[in-house]
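Chains as they are written, first to last, in this note's numbering: chain A, 71 to 387; chain B, 10 to 284.
Backbone N, C-alpha and C define an ideal beta-carbon position, used for all residues, glycine too.
Predicted model only: the values in this text are computed from it and were never measured.
Here the structure comes first, spelled out in structure tokens, and everything after it is commentary.
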Amino acid sequence: MNIENLREAYGRELLAIARKDERVVALDADLCGSTMTSLLEKEMPERFFEMGIAEANMVSVAAGLALAGKIPFVNSFSVFAAGQPYNQIRQGVALPNLNVRIVGSSCGLSDAADGATHQSIEDVAIMRAIPNMTVIVPVDAEETRKVVRVSLQHQGPMYIRINRSSLPVLTDHQTAFSIGKMNLMAEGSDVTVFATGIMVYQALQARETLAKDGISIGVVNVSTIKPLHQSEVLKFTKNIKGIVTAEEHSIIGGLGSAIAEAISDQMIPIKMVGINDQFGQSASSHEELLDYYHLTPKAIIENVKILLMSYNQSNLT
Amino acid sequence: MDNNKIKELKQKAKIVREGILDCIGIDKKGHLGGSMSSADLVTALYFYKMRINPDNPDYPDRDRFILSKGHSVLAQYAVLAELGYFPKSELKNTKKLGSILQGHPEIRTPGIEANTGSLGQGLSIGVGMALAARLDHKNYRVYVIIGDGELNEGQIWEAVTCANFYHLDNLVAIVDYNQLQASGPIKERYDLGNIKAKFEVYGWKTWEIDGHNMAEIVNALDQTEQVKGSPCAIIAHTVKGKGVSFAENNYRFHNNLLSKEQYEQARKDIASIKV
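Following this line, the structure appears as structure tokens:
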């Protein structure tokens, strides 16, 4: 399986669209070497704006650029991009529905060594709660490129969440991507796992293990966390016994919440795999943190089995 | 600047102050104080300085105005109505459900350039527009009115340093320096000291003027156009509630209810302003 870095894919694609569309500009808060907007800066320095370590100003400046017809990509780590300038995003960008793209790099626990201050576990919840905001979590480098391309056609603000790590490439250039659509990665008949970001791969691994026990799970890649409609979820829930959601994010307000909200009038049990309302911490690797916080194939397997057990019990009584 | 033009602008400012009262109405709350203190500045910008076209509000080369102290938007609504961006009859619908005239500026209103009201953001938005103008090789200018209480916001100083770093000589900030913030006199609440010196130390070219003296306002605005390589700040000394006897220098009229008697007194006060 190919492994590819999402930040690099983002930086290269941003430069590629900037070459074609002069509305594209990039702003960064002293992290361009990590967010990979340095690639754009090197080739077209006049369209790159170093904003210093001042995220609130950066977002409002982007609003001004968008009001003047640009498509600004605002870059920092997720925790700073979504957290520091929340109100600037809400009032200045989302309320007037501007074409600003907030790109949160090093999302989730992926900045492992830096610890809780640099790990974003509630950014999706914050961004999802803002009207007009579209929230995208690309599953791999290939999908990251598509998100960047599609963003040129999208009207309104977007939050794009980019993992720091190099991740397995699970899609190819033919895999369809459009905002609001989910992708079935693998079929299954007992339980459907709706996963996002790095957890899609974990779900696919869980699927292989469960198959050995005769349990069949479907895996759906949810890269658009918002908008997320009931009709889209129900495409993948026919005759199943329950849903497991999986995300590298707090279970409060993320993908699991979005799915639960969307199908709250449906009689489908849901279990959620995510970070259980606690902060991250430093570790020597991203994998170590995923393991510690139970963002693993094992956790998905356990939750699938709990769902099936309660299904069987309720059918017995 | 000939005296007739100044007189004309003063007359417009009077109409704008009347429009502010139209927006508030009787027995209703409205941001009277800050709107009245900004009235002459906003009037000078729209009726003298800025390149605008009310028939085509979005034409690309227009100058931009951002009212960062968004609560004073009543003054801007009164100006926009006078210029014909929307009918004057809309003013009485300010803050009503479904109105195009919201409690704070929104781009849904013809002539409004940015959503402001959460204080501290407008100057940064102005920086973005000024950067876009440069990138597009356009010569439009960006004017931002900020409040003195608003200067408490750290983001203002992020924008101040950013505008200096990018040498934005197409950006003009005007501080409506009425010395009163919402909860009392600045000297007693949260005093930043010498505002002018602070802008200067960050590389801005500055002026200090009487923000109700039309000749001084237009003169300072003209001078900003001569500056090359640095952003411009006009510290405009103003009186909160200017033109309304009982509201002048009274922080309680930051956002207060106008009784029928007060409303009528305010009308009389404004009618008696000499131009």
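Taking its Cβ as the centre, do 16 or more other Cβ atoms sit within 10 Å of residue 60 of chain B, making it buried, or is it exposed?
exposed
Assumed close pair residue 168 of chain A, residue 138 of chain A - CB separation to whole angstroms, cut-off 8 angstroms
Contact flag wrong, Cβ pair sits at about 10 angstroms.
Below 8 angstroms, how does it come out for the region 153-168 of chain A and the region 113-133 of chain A: are there three or more Cβ pairs, yes or no?
yes
Helix, strand or coil, according to DSSP, for residue 161 of chain B in the structure here?
helix
Quick one: is residue 164 of chain B near chain A, going by C-beta distance under 8 angstroms?
yes
Entirely enclosed alpha helix (DSSP H) segments - the region 216-297 of chain A, minimum 4 residues
269-282
Would you call the region 247-267 of chain B in contact with the region 232-239 of chain B, where contact means no fewer than 3 C-beta pairs closer than 8 angstroms?
no
State yes or no: is the C-beta of residue 84 of chain B within less than 8 angstroms of the C-beta of residue 29 of chain B?
yes
Using 8 angstroms as the cut-off, can you tell me whether the region 151-168 of chain B makes contact with the region 98-106 of chain A, which would need three or more C-beta pairs spanning the two stretches below that distance?
no
For residue 22 of chain B, which residues in chain A fall below 7 angstroms Cβ to Cβ?
None at all; the shortest Cβ gap to chain A is about 27 angstroms.
Under 9 angstroms Cβ-Cβ, which residues of chain B neighbour residue 162 of chain A?
123, 124, 125, 127, 130, 131, 133, 134
For the region 167-183 of chain B, list every residue whose C-beta sits within 7 angstroms of some C-beta in chain A, in sequence order.
167, 168, 171
Need the endpoints of the beta strand (DSSP E) that residue 96 of chain A sits in, please.
94-98
On the DSSP letters alone, give me the boundaries of the beta strand (DSSP E) that residue 266 of chain B sits inside.
265-267
Over what stretch of residues does the beta strand (DSSP E) that includes residue 319 of chain A continue unbroken?
312-320
Of the residues that make up the region 143-156 of chain B, which ones have a beta carbon closer than 7 angstroms to any beta carbon in chain E?
Note that chain E does not occur in the displayed structure, where the protein chains are A and B.
For the alpha helix (DSSP H) containing residue 356 of chain A, name the first residue and the last one.
356-362
Going by DSSP, which residues form a beta bridge with residue 190 of chain B?
B:193
Can you tell me the Cβ-Cβ gap for residue 315 of chain A and residue 304 of chain A, rounded? I've got them flagged as a contact below 8 angstroms.
Not really, about 15 angstroms apart at Cβ, beyond 8 angstroms.
Which residue marks the beginning of the beta strand (DSSP E) containing residue 208 of chain B, and which one marks its end?
Element bounds for residue 208 of chain B: not the beta strand (DSSP E) but the alpha helix (DSSP H), 204-210.
Per DSSP, which one or two residues make a beta bridge with residue 120 of chain A?
A:98
Just list the residues that DSSP pairs residue 73 of chain B with in beta bridges.
B:151
Euclidean distance between Cα positions of residue 211 of chain A and residue 88 of chain B:
51 angstroms
Give a yes or no on contact between the region 357-376 of chain A and the region 200-209 of chain A, applying the rule of three or more CB pairs nearer than 8 angstroms.
no
Name the DSSP beta bridge partners of residue 341 of chain A, please?
A:314
Touching by the beta-carbon criterion (3+ pairs, under 8 angstroms), the region 218-228 of chain B and the region 145-153 of chain B
no
List the whole-angstrom C-beta distance separating residue 111 of chain B from residue 133 of chain B, where the pair is believed to meet the contact cut-off of C-beta under 8 angstroms.
About 21 angstroms separates the two Cβ atoms, so there is no contact after all.
With distances taken between CB atoms, is the gap from residue 116 of chain A to residue 144 of chain B smaller than 8 angstroms?
yes
Quick check on this structure: which residue in B:123, B:17, B:214 has the alpha carbon closest to the alpha carbon of residue 79 of chain B?
B:123
Measure the CB-CB distance between residue 212 of chain B and residue 239 of chain B and report whether it falls below 8 angstroms.
yes
I want to see whether chain A comes within less than 8 angstroms of residue 159 of chain B, judged by CB atoms only; does it?
no
Once you ignore the five residues that flank residue 94 of chain B on each side, which residues in its own chain have a CB closer than 7 angstroms to its CB?
63, 66, 119, 120
CB-CB length for residue 21 of chain B against residue 91 of chain B, believed under 8 angstroms:
7 angstroms
Could you check where the alpha helix (DSSP H) with residue 326 of chain A kicks off and where it finishes?
325-332
For residue 17 of chain B, tell me which candidate among B:178, B:152, B:171, B:56 has the shortest Cα-Cα distance.
B:56
Skipping 5 residues on each side, what residues in its chain have a beta carbon closer than 8 angstroms to that of residue 268 of chain B?
35, 36
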